[in-house]
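Counting in my numbering, the sequence shown runs from 4 upward without gaps. Here a beta-carbon is modelled for each residue, glycine too, at the ideal position from N, C-alpha and C. Notes for the one structure printed next.
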Amino acid sequence: MSTGTAPAAQPFAHLQAQNVRLYRDVLNAFVRAKRRFTVHLRPEDVLAEIGTGASLESVSAALAQLAEWGNLRADPDTGRVTTVEDFHRARYLYQLSAHGHAAEQAIATYEEAIGRRGALQSVALSDIADQLRALLGIAAEAAAGSSPDPAKTHLLMMSLVDRFTGLADNAQAFMASLRRAVDFADADVAAFLAYKEQLIAYIERFIADLANRGAEIANLAHKIEATGVHPLLDTVARREAADAAPGDDADDQVVRQARVAWQQRWNGLRDWFVSGDSSRQSQARLLRTAAINAIRQLLGAVAAINERRAGRSDRSADFRCLALWFAQAPDDESAHRLWHTAFGLSPVRHLTVTAETLAAVEQRPVPAATPWAQAPRLEISPRLRKTGSYERRGSPARVLDRSEQRRLLAERAERETAQTARARSSLVTSGPVMLSRLGELDTAEFRLFLQLLGDALAARRPDVSEVTTTTSDGTLWIRLVRVDGAPPVRIVTADGVLTGPEHLVEIIDLAPVEVAG
């Protein structure tokens, strides 16, 4: 009697087999049957589940092979034995094995990840901001001396991480699918043009939401860290490790590992919305840039499609057409005539010559068809004949020193940055104020105020009297409320007087404040 061990299972071997389509159909039939809580299937049951296109013999052979690979488990079918011949004939009931079930789950996960289109979730940004506001309230209570509620803090942090992870993963999948859509726009031009307008509007709406909500989320993250995020992370880590850690020892290995993991999650969320120095931009800013570039690529793809529809041609198409004409030329003489017409390679008469030779040629022009042996000789320039070049040789020009100009530009940029910072701090209000109370504005303050006023008026609809918006860089928030019945306002500036209707204005600086470590 043999005592050898059973062969190792190979549940993915069928993906490289010749009849992979049949094997996948058979295994999908078992997966669907398991969803209906049907465990065992006979070959005729599998054939009925697959449908037409297969025979009972091919299905039986596929079942036997899958059982040999370990995807299925074969059990003797004795339920329908009525004769001795039926007893000796091999009949089996098949079901998914543990290896086969795990392989099907892995294949389903892979196909879902590859076929995932993703989405730009504006609602997720709102949810993250709401959860951060709730977390800020818990941090404020902890800073005041009360202990954070472990269950509430843990559930809030888990919900925040889940929402943020979904936002990041969906955004990455959406941008990847968008690039594939742009790359394969030629595959279905009609479908691409049909959803182009909706896609651009969808991306533009998300860009606006990301600019507004992103600045708010970054500000909330800074406030939470300034109030104290470490007690919250400690509370969450201790509660998460309570089942594995014996007692409440804060130095336990499991607690420390959980604390490190939650610190990494918080750093990832903060860095996704908050930019560091100039060398590291936040992922939200990079995503916004990628979305804007995607719009440009979409418009470029549409322009290319329109050019092809308009009958325009590029140089490569012209050369392919010319090559076809050469191939269809009836004889060599026609090919030479086509070459001369296409490229204009006439006899050389464009060399630089002496003044006497040029005067003689102008007096007696030489036809272009004159053979070289019969044409008068040309006296070319001695420099060309001696050196082979028209230009006079010499030392190269000196490299100019631009260090002084660079220093002046750096000083100017620094001066303009300081002026802008002073203008921002001067325009920020402690609460709603009337336009007539702003006082006199200098040039830098007036330019920044006009930009804010233009953004607010552009965002306000004609039927509303109040509007709130943020600047394009997400650093300033402005609320503008029209005051009906008030006299016109005169704002004195260094460049003149601005006159307009009275409004109630509130300006808040959303730029993150540096927190001492």
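- Kindly identify the DSSP beta-bridge partner or partners of Y97. L44, A77
- From the DSSP output, read off the bridge partner residues of H506. R485
- Task: State yes or no: is the C-beta of Q408 within less than 8 angstroms of the C-beta of A447?
- Result: no
- Message: Across the region 469-477 and the region 201-210, are there enough close Cβ pairs to call them in contact, namely three or more that are closer than 8 angstroms?
- Response: no
- Nearest-angstrom Cβ-Cβ length linking A244 and A261, presumed shorter than 8 angstroms: 4 angstroms
- Message: With distance defined between alpha-carbon atoms, name the residue in D498, D512, V484 nearest to A504.
- Response: Ala is not the amino acid found at residue 504; the sequence shown has Pro there. Here the closest residue by C-alpha is V484.
- State buried or exposed for F346, treating a residue as buried only when at least 16 other CB atoms are found within 10 Å of its CB. exposed
- Message: Beta-carbon within less than 6 angstroms of V470's beta-carbon, same chain only, minus the 5 sequence neighbours each way: which residues are those?
- Response: A459, A462, R463, L483
- Query: What separation, rounded to the nearest whole angstrom, lies between the Cα atoms of L18 and W269?
  - Reply: 41 angstroms
- Query: So who's on the other strand from I203, going by DSSP bridges?
  - Reply: I203 is not bridged to any residue.
- Let me know the secondary structure DSSP gives D334 once reduced to three states. coil
- Task: Pick helix, strand or coil for L441, following the three-state DSSP scheme.
- Result: coil
- Message: Taking 7 angstroms as the cut-off, is the beta-carbon of M160 closer than that to any non-hydrogen atom of the ligand MG?
- Response: Absence of the ligand MG from the depicted structure is noted, as is the absence of any ligand whatsoever, leaving it without description.
- Message: By the three-class DSSP mapping on this structure, what secondary structure does V258 have?
- Response: helix
- Item | Element boundaries [alpha helix (DSSP H), containing T471] | Per DSSP, T471 belongs to no alpha helix (DSSP H); it is in the beta strand (DSSP E), 469-473.
- Could you check if K155 is buried or exposed, using at least 16 other CB atoms within 10 Å of its CB as the buried criterion? exposed
- Message: Starting from T423, trace the alpha helix (DSSP H) in both directions and tell me its first and last residue.
- Response: 406-430
- Message: Would V62 and P79 be called neighbours here (beta carbons separated by less than 8 angstroms)?
- Response: no
- Item | Alpha carbon of G27 to alpha carbon of D48, nearest angstrom | In the sequence as displayed, the identity of residue 27 is Arg instead of Gly. Answer to the nearest angstrom: the Cα atoms are 16 angstroms apart.
- Please state whether DSSP places R493 in a helix, a strand or coil. strand
- Determine the DSSP secondary structure at W375, reduced to helix, strand or coil. coil
- Item | D466, DSSP secondary structure in three states | coil
- Query: So what's N479 in DSSP terms, helix, strand or just coil?
  - Reply: Correcting the residue type first, residue 479 is Leu in the shown sequence and not Asn. Note: L479 maps to strand in three-state DSSP.
- If L138 and L170 are in contact, beta carbons under 8 angstroms, what's the gap, nearest whole angstrom? Between L170 and L138 the Cβ distance is about 16 angstroms, and since that is not below 8 angstroms, they are no contact.
- Query: If you compare alpha carbons, which of T420, E414, F452, L411 is closest to L430?
  - Reply: F452
- Query: Is the distance from the Cβ of W72 to the Cβ of Q13 below 8 angstroms?
  - Reply: yes
- Query: L501 by DSSP, collapsed to three states: which one?
  - Reply: strand
- Message: DSSP three-state label for A190, please.
- Response: Legend: pLDDT at A190 = 49, less than 50; position of this residue unreliable, no value from coordinates given.
- Task: Give me whichever residues DSSP pairs with I511 in a beta bridge.
- Result: W480
- Task: Look at A32 and E60 and say whether their C-beta atoms are less than 8 angstroms apart.
- Result: no
- Residues near A16 by beta carbon distance below 7 angstroms, same chain, minus five either side: W72
- Message: Relative to the C-alpha of G231, which candidate in L290, I203, I295, G148 has its C-alpha closest?
- Response: G148
- May I have the straight-line CA-CA distance separating A338 from P374, to the nearest angstrom? 21 angstroms
- Where do the N-terminal and C-terminal ends of the alpha helix (DSSP H) with A32 fall, by residue? 23-38
- Message: Here's the rule I'm using: 16 or more other beta-carbon atoms within 10 Å means buried, otherwise exposed. How should A190 be labelled?
- Response: Summary for A190: the model assigns pLDDT 49, below 50, so the residue's position carries little reliability; its value from the coordinates is reported in the next sentence. Burial call: exposed.
- Query: Can you tell me the Cα-Cα spacing of E443 and A424, whole angstroms?
  - Reply: 17 angstroms
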